[in-house]
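The structure appears right after this line, and notes come after that.
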Amino acid sequence: MPGLFGVINIGLSALFAHRDALSVRAQNIANADTPGYHRQEVILGPTPPVPPAGTAEEIIGGQFGTGVNVVDVYRAQESFLSIQARTCQGSLGRFRSSAEVLRQVESVLSPGPGEDISAALDKFWDAWESVANKPENLGLRYVLRDAGVALAETFRDEVARINSIRLTLDDGIGARVTDVNTIAAQVAEYSRQISVAQAEGRSPNDLLDSRDVLLDKLATLTGSMPVSSEGGLLIVYLDGRPLVQGATAYPLSIGTGAGGVEIRSGYDGATVNVQKGEIGGLVYGRDVAIPKYLGEMNALASSLVAEVNTLHQSGFGLDGATARDFFSAGSTAGDIAVDPAVLADVRAIAAGETDAPGDGVIGLQIANLRTTPVINNRSLDEYAQALLGMVGTDVQTSEDGAKTQQSALDQIQQLEQSVSGVSIDEELTYLTLSQRAYEAAARVVSAADEMIKTIIEQFGVS
Amino acid sequence: MRISDSMIAASIVAQIGRASTRLFQLQHQVASGLAFTRPSENPSGALRAAALRANISELTRYQANCDQAATPLRLIEVVLGDIGNALSQAREAALAMSPFDSAGNQALAGQVNQIARRIVGDANADSEGRYLFSGNEVLTPPVVENPLGIPPYIYQGDDGQSIVQLSRTIKLVTNVSAADVLNLGGATDPARDDALETLRKVEAALRAGDAEQIQDGLQDIQWHMDRALALRAETGTRMQQVELAKGRLNDGVPALRSLLSGVQDVDLAQAMIGLRSQEISYQAAAAAATSLHRASLLDYF
């Protein structure tokens with residue numbers, strides 16, 4: 001049976017508990033806008049009663065409470081929502097960074113109407129037809145030579161710019177790998193602190209919040225997902241190899257491979273194939289998208305060179321010579337150029353079947369390549385146009401993918417915030433509750449004090 | 463559902479973000495006048511616009527070809543007409559031969575000689591430095607005096623054709639060779655004298671007063687007149703072909719341009735209305751945001 005001092009102790013425990021509750025409310029309000037913060041809640045519980053359950057005293061007089069204490073500081077989290085959010089972040093990172101790469105390629109291939117390869121091809125065919133109409137006119141031949149040079153330059157310039165985009169991708173991948181390593185080291189360190197705290201029976205809520213933010217970043221960068229192991233530790237796998245295992249991080253390293261930089265695992269040194277996240281998007285852009293466009297441009301340029309040269313070889317220049325090329329033989333999109341002989345003297349342009357100055361038969365045949373299907377059943381013009389359609393569709397697919405993932409992520413984050421987010425109104429309400437409880441506990445202490453005073457004053461020796 | 467403050471903030475940011483993105487897109491459309499500036503905004507439209515642009519450039523080329531074909535054809539027609547007239551004058555001179563007027567016959571012979579020179583001048587006509595009647599040897603005068611004497615003139619062009627394209631399928635020959643017109647070197651009828659040799663013979667017959675020779679010459683002159691007329695008619699037909707093609711192209715190019723405009727240009731009225739309604743929805747999102755933030759328990763405690 002508790003005495004009056006027991007009542008004071010109960011009041012005291014209530015004062016402590018409600019002060020702690022108040023401090024957690026204050027922490028919630030303070031972190032209402034902190035990214036990754038999970039709302040915390042104080043779980044109060046009664047302290048063990050006296051006498052202890054099952055003793056003889058209890059059977060005679062029943063149990064009396066001894067006060068209240070903080071059982072746990074609960075962290076409001078739905079772990080399956082975090083997993084879904086990270087899956088979305090991995091896909092979103094990939095779509096977003098591949099869309100960025102593709103948009104850059106698009107701006108190279110389609111600088112605007114009248115400035116792309118299609119337009120340069122149009123001018124080239126037009127110039128051939130002008131020469132075919134008046135093959136003896138040197139002025140028209142100069143125009144044709146310049147149109148050929150401009151067309152070749154357009155090809156070379158676009159290839160050079162796409163290649164430089166490719167090089168910047170290597171830098172982008174390298175910078176992100178450095179980020180991944182920093183984050184992995186931090187995750188390992190937080191994991192160590194968390195496991196120590198949990199072993200001591202504490203709730204390391206704020207450390208967990210910080211680690212979750214880092215894991216989200218890691219998912220955005222690489223699409224990797226953490227797997228929980230015991231004692232608050234976890235393992236993060238990347239392409240089947242651990243990046244973080246418990247309190248140890250295995251930093252990635254960068255090497256040079258055939259296709260540019262290669263990411264190597266710090267665990268066993270093997271090449272890591274990152275398919276998701278921002279790094280996955282950049283790797284896709286570098287290893288799949290850009291080679292595809294360069295391949296298409298090479299196919300177009302090689303076919304142009306071959307078709308024009310074959311006809312040109314069969315014709316005669318104004319100087320009476322034959323069997324010469326218009327474009328440097330065998331060149332592709334990266335090194336296409338007008339043949340030096342033509343550059344040196346426009347009379348070398350072979351417009352005629354014979355060496356008669358007014359013969360434009362070959363010129364007309366070359367001009368008609370404009371509409372002749374020569375590559376995959378399509379004309380060169382149509383092929384160049386299809387290239388624009390292809391890059392447009394690819395950018396759109398990536399952007400749509402990013403949009404879809406973003407709205408899915410928004411949805412999941414809404415749900416997460418619904419569980420974990422801080423509501424100021426709610427905090428204020430509970431704050432008032434704690435405040436009142438604290439006031440009441442203080443009143444309990446002072447009431448007990450009054451009672452003790454009564455005893456001391458009434459029964460005292462005077 | 464439990465609503466936290468960060469949810470409210472995130473949803474306000476997302477809504478205002480969406481509204482301002484749409485607003486920006488419409489503003490960009492209205493300002494540029496284009497429905498899309500990057501292929502990715504409308505891949506099929508971009509493909510179609512590129513195909514239409516290529517098509518327009520092809521047809522514009524054919525239009526220019528029509529104009530280029532018309533010039534030499536018109537000149538050829540005029541020259542052929544003059545050759546016909548010259549031959550007809552030579553025929554009259556031959557018919558005017560009198561067995562009793564030797565001096566008159568000499569004058570007629572001189573006239574025929576002048577006519578032959580006129581025909582040579584006609585055949586050597588050029589357009590912008592390009593000989594019209596020498597096949598593909600456009601820089602060489604087609605008819606020159608024969609250093610061997612007989613026949614008096616020879617053809618030094620070739621039988622090359624100047625071909626101009628009026629459409630993907632129509633190719634038009636825009637030249638006639640002097641050999642063809644005048645039967646030089648027996649290009650058309652190997653058994654018959656060329657026009658200039660005929661005139662030389664008629665001139666000689668007039669000087670000699672040989673009526674029999676004159677009769678033969680008259681037959682040949684008639685044949686050459688018919689030939690010139692036939693070629694002139696053919697040239698006229700080609701000119702008509704050019705006019706027809708040009709008419710078709712003049713209809714076709716504007717039609718394609720309006721199709722292209724339909725694909726790539728923005729419907730300004732529609733875009734303006736869209737812009738207006740987006741502005742309103744942007745303002746609505748902003749108003750909703752302020753009213754959400756206004757209500758708080760903080761005001762009551």
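Going line by line, the protein sequences match chains A and B.
Under this note's numbering, the first residue of the first sequence carries the number 1, and numbering increases by one thereafter.
Under this note's numbering, the first residue of the second sequence carries the number 463, and numbering increases by one thereafter.
Even for Gly, the Cβ is constructed at its ideal location relative to N, Cα and C.
Going by DSSP in three states, residue i sits in which element: helix, strand or coil?
| i | result |
| --- | --- |
| B:Gly418 | Residue 418 of chain B lies beyond the range of chain B shown here (463 to 763); nothing can be said about it. |
| A:Glu200 | coil |
| B:Gln675 | helix |
| B:Arg592 | strand |
| A:Ala249 | strand |
| A:Thr47 | coil |
| A:Phe64 | strand |
| A:Leu233 | coil |
| B:Ile616 | strand |
| B:Asp727 | strand |
| A:Asn181 | helix |
| B:Arg500 | coil |
| B:Val715 | helix |
| B:Gly736 | helix |
| B:Ile632 | coil |
| A:Gln104 | helix |
| B:Asn598 | coil |
| B:Leu610 | coil |
| A:Asp72 | strand |
| A:Thr354 | coil |
| A:Ile366 | helix |
| A:Gln40 | strand |
| A:Gly493 | The shown model of chain A, from 1 to 462, leaves out residue 493 of chain A, and the question about it has no answer. |
| A:Ser228 | strand |
| B:Val626 | strand |
| A:Val213 | helix |
| B:Ile465 | coil |
| B:Val638 | coil |
| A:Ile165 | helix |
Throw me the rounded Cβ distance for the residue i and residue j pair, which I believe falls under 8 Å.
| i | j | result |
| --- | --- | --- |
| A:Ser98 | B:Pro501 | That belief does not hold up - the Cβ atoms of A:Ser98 and B:Pro501 are roughly 16 Å apart, past 8 Å. |
| B:Ala552 | B:Leu661 | 6 Å |
| A:Arg324 | A:Ala301 | Actually they do not touch by this definition, with Cβ atoms about 19 Å apart. |
| A:Leu214 | A:Gly277 | Between A:Gly277 and A:Leu214 the Cβ distance is about 14 Å, and since that is not below 8 Å, they are no contact. |
| A:Gln63 | A:Val50 | 7 Å |
| A:Arg485 | A:Asp319 | No information on residue 485 of chain A is available, as it lies outside the stretch 1 to 462 that chain A covers here. |
| B:Ile518 | B:Arg710 | Not confirmed; about 14 Å, so no contact. |
| A:Ala132 | A:Leu364 | 4 Å |
| B:Leu628 | B:Asn527 | 6 Å |
| B:Ala497 | B:Val728 | 5 Å |
| B:Pro614 | B:Leu658 | 6 Å |
| B:Ala690 | B:Leu542 | 5 Å |
| B:Ala749 | B:Ile478 | 11 Å between Cβ atoms; not a contact. |
When you measure from the CB of residue i to every non-hydrogen atom of the ligand SAH, does any distance come out below 8 Å?
| i | result |
| --- | --- |
| B:Arg515 | With respect to the ligand SAH, the structure offers nothing, as it holds no ligand at all. |
Are the stretch 159 to 179 of chain A and the stretch 384 to 399 of chain A touching by the rule of at least three beta carbon pairs closer than 8 Å?
-> By the C-beta criterion, the stretch 159 to 179 of chain A is judged not to be in contact with the stretch 384 to 399 of chain A, since fewer than 3 inter-stretch pairs fall below 8 Å.
Per the contact definition of three or more C-beta pairs closer than 8 Å, is the stretch 662 to 669 of chain B in contact with the stretch 559 to 571 of chain B?
-> A contact exists between the stretch 559 to 571 of chain B and the stretch 662 to 669 of chain B.
Taking a cut of 8 Å between CB atoms, which residues from the stretch 358 to 378 of chain A lie near chain B?
-> Answer set for the stretch 358 to 378 of chain A: Gly358, Asp359, Gly360, Val361, Leu364, Ala367, Asn368, Arg370 and Thr371.
Can at least three beta-carbon pairs, one atom from the stretch 194 to 212 of chain A and one from the stretch 228 to 235 of chain A, be found at a separation below 8 Å?
-> Yes, they touch.
Inter-stretch contact at 8 Å, needing at least 3 Cβ pairs: the stretch 116 to 127 of chain A / the stretch 143 to 151 of chain A = Enough Cβ pairs lie closer than 8 Å, so yes.
Length-filtered (4 minimum) alpha helix (DSSP H) runs lying within the stretch 261 to 339 of chain A | Annotation: the stretch 261 to 339 of chain A contains the following complete segments of the alpha helix (DSSP H) (minimum length 4 residues), in chain order: 277 to 284 and 290 to 313.
Which residues, taken in chain order from the stretch 151 to 180 of chain A, show a beta carbon closer than 8 Å to some beta carbon of chain B?
-> In summary, no residue of the stretch 151 to 180 of chain A has a CB separated from any CB of chain B by less than 8 Å.
Does the pairing of the stretch 679 to 693 of chain B with the stretch 541 to 557 of chain B give three or more beta-carbon distances under 8 Å?
-> With a cut-off of 8 Å, the stretch 541 to 557 of chain B and the stretch 679 to 693 of chain B count as touching, because enough Cβ pairs lie within range.
With 9 Å as the limit, tell me which residues of the stretch 88 to 111 of chain A have their beta carbon closer than that to any beta carbon of chain B; keep them in chain order.
-> Within the stretch 88 to 111 of chain A, the qualifying residues are Ala99, Leu102, Arg103, Glu106, Ser107, Leu109 and Ser110.
Below 7 Å between beta carbons is the criterion; list the residues of the stretch 392 to 408 of chain A that meet it against any residue of chain B, in chain order.
-> Within the stretch 392 to 408 of chain A, the residues whose Cβ lies closer than 7 Å to some Cβ of chain B are Gly392, Thr393, Val395, Gln396 and Glu399, listed in chain order.
Contact set between the stretch 120 to 150 of chain A and chain B, restricted to residues whose Cβ is under 9 Å from the partner = So the list reads Leu121, Asp122, Lys123, Trp125, Asp126, Glu129, Ser130, Ala132, Asn133, Lys134, Pro135, Glu136 and Asn137, given in the order they occur along the chain.
Quick check: the stretch 69 to 85 of chain A against the stretch 267 to 275 of chain A, are there 3 or more CB pairs under 8 Å?
-> Because the criterion of three Cβ pairs below 8 Å is not met, the stretch 69 to 85 of chain A and the stretch 267 to 275 of chain A do not touch.
Relative to chain B, which residues along the stretch 428 to 441 of chain A have a C-beta separation below 9 Å, given in chain order?
-> Taking 9 Å as the upper bound on Cβ-Cβ separation, chain B lies near residues Leu428, Thr429, Leu431 and Thr432 of the stretch 428 to 441 of chain A.
Would the stretch 477 to 493 of chain B and the stretch 727 to 745 of chain B be scored as touching if the rule is three or more Cβ pairs under 8 Å?
-> By the Cβ rule, the stretch 477 to 493 of chain B counts as touching the stretch 727 to 745 of chain B, because three or more pairs are nearer than 8 Å.
Check distances from the C-beta atoms of the stretch 694 to 728 of chain B to those of chain A and list, in chain order, the residues that come in under 9 Å.
-> Residues of the stretch 694 to 728 of chain B whose Cβ lies closer than 9 Å to any Cβ of chain A, in chain order: Gln726.
Below 8 Å, can you find three or more Cβ-Cβ pairs linking the stretch 6 to 15 of chain A to the stretch 446 to 454 of chain A?
-> Touching, yes.
Identify each residue in the stretch 513 to 525 of chain B for which the Cβ-Cβ distance to at least one residue of chain A is less than 7 Å, and report them in chain order.
-> For the stretch 513 to 525 of chain B, the set of residues with a beta-carbon nearer than 7 Å to any beta-carbon of chain A comprises Ala513, Arg515, Ala516, Ser519, Glu520 and Arg523, in chain order.
Counting pairs of Cβ atoms below 8 Å between the stretch 640 to 647 of chain B and the stretch 505 to 513 of chain B, do you hit three or more?
-> Contact between the stretch 640 to 647 of chain B and the stretch 505 to 513 of chain B is absent, because fewer than three Cβ pairs lie under 8 Å.
If you pair each beta-carbon of the stretch 135 to 145 of chain A with each one of the stretch 98 to 108 of chain A, do three or more pairs fall below 8 Å?
-> No, they do not touch.
Inter-stretch contact at 8 Å, needing at least 3 Cβ pairs: the stretch 413 to 428 of chain A / the stretch 21 to 38 of chain A = The stretch 413 to 428 of chain A vs the stretch 21 to 38 of chain A: in contact.
Determine which residues of the stretch 26 to 54 of chain A have a Cβ less than 8 Å from any Cβ of chain B, and write them out in chain order.
-> Residues passing the 8 Å Cβ filter: Ala32, Asp33 and Arg39.
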